[in-house]
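Notes for the one structure printed next.
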Amino acid sequence: MKARKILTTEYLTLLTAVFMFFVSFFAIVPIISLYAEILGAGELMIGVIVGIFAFSAVLSRIPFGRYADNVARKPLLIIGALIFIISPILYTLTESLLTLALIRILHGVGIGGFSVASMSMAVDMVPKKRLGEAMGLFGVPVMLGMILGPGIAGFLVDLTGYNEAFYIASMFAVISLILVLMVTESDIDGTTTATFIDVLKDSNVTSAVIGVLALTTAYGAVTAFFPVYANRLGYTEFTIGLFFTIYAAAALIVRVPVGRYADKKGISLLTAPMMVVSVIGITIIGITTNETGFYIAGIVFGIGFGAAYTTLLALSVETVNPLERGKASALINSSFDMGIAIGSIALGAIASAYQFDTFFLITATILLIGTIGFILAKKTLPNT
């Protein structure tokens, strides 16, 4: 029997909408901490400004996950894109840290809705036997957004200023909204009474949540404080953006082949080894001040993150009921955002107490401990 296609028109339209959305998102990532610093934020407040976005996304995903499972996915895509149109424009109008923090809360709600709905719809559209490959493909537009967004924003900040970078982020969200309106959603067949706790009883979901939390705690630390660290070493916003672009390119290259390998050999086989590769990448950041060294760190961290995250996404939805995919997506995306919040806010206190080189070595150690936690959870938690 002929295998079902993955790259249907609907799936490609959704992936393109995701790409435009995440160009908007990642255009903000390397400049928001620097923008907060210009408004007078210290290390701890920078962590709050970066991390409060993630906390907002986590909290919003609780009702959004239920809505996606029991009502519809597409309205959440529309809400998310609209918020991503408005929020960058509001950044240009603020002159206070309090207002900036409030806008970050709103911005976080946008990604909370969009990410839950887009991942759930992507899983709905593909055959289960090709889930690893499909999740690898789903990550491609995210990684492409991560490649283009920081580079575009860094270039515009160097050339003209922060406002133009924010306007471009808003423009990409407009394109995402147009594409979202073109996506046709399949009907949800029934409703589910399962709670988030019920979904977490699936050992694959729990293991994936632990792995993503560890991985993105490290990522949150890098996104919040590498720009500040590099800037204080004398590197420009363009160079900082290029670091994130190189990281994202490396993560992009590995996603699809890793997904295909996972489908054939086992979804989680490469997860722990690739998390260790991520540890090595962050360690390199901590032991070098050389521009070339930073780019090498970006490549190594990107390979590890891209491969590990691909398998963790597939693992999180591999065995859940189709009617519970919204909740599983909400949990895995919430662990992503919670990790970023921990990496930026909680580790921000460490960043203010230590030199940055020591800070990144501590971050690498935390990720290594999280990797061990993932391995233990995968081996010891019972299957449901």
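Residue numbers (full-length UniProt numbering): 1 to 384.
All C-beta atoms in this analysis are idealised placements derived from N, C-alpha and C, irrespective of residue type, glycine included.
Give me, in chain order, the residues of the same chain whose beta-carbon lies closer than 8 angstroms to that of MET1; leave out the 5 immediate sequence neighbours on both sides. Confidence at MET1 is low in this model, with a pLDDT of 40, below 50, so its placement is unreliable and the value that follows should be read with caution. Here the set comprises nothing.
What three-state label does DSSP hand GLY234 in the structure shown? coil
Between the region 208 to 221 and the region 90 to 105, do three or more beta carbon pairs fall short of 8 angstroms? no
Counting along the chain, where does the alpha helix (DSSP H) carrying LYS378 start and finish? 356 to 380 is the extent of the alpha helix (DSSP H) around LYS378.
Extent of the continuous alpha helix (DSSP H) to which VAL116 belongs: 97 to 124
Determine, using beta carbons only, whether PHE84 and SER33 come nearer to each other than 8 angstroms. no
Under the rule that 16 or more other beta-carbon atoms within 10 Å means buried, what is LEU77, buried or exposed? buried
So ASN70 is in the alpha helix (DSSP H); what residue range does that whole segment cover? 43 to 70
Cβ neighbours of PHE243 in the same chain (closer than 6 angstroms, five flanking residues each side left out): PHE294, GLY298
Using three-state DSSP, classify LYS5 as helix, strand or coil. coil
Which stretch, first to last residue, makes up the alpha helix (DSSP H) that contains ILE89? Start and end: 74 to 91.
Nearest-angstrom beta carbon gap, GLY112 and SER87 [assumed within contact, 8 angstroms]: With 8 angstroms as the limit, SER87 and GLY112 do not qualify as a contact, their Cβ atoms being about 13 angstroms apart.
Which value, in whole angstroms, describes the spacing of the CA atoms of THR94 and GLY108? If I take the Cα positions, the gap works out to 17 angstroms.
What number of angstroms, rounded off, separates the C-alpha of VAL48 from the C-alpha of LYS5? 44 angstroms
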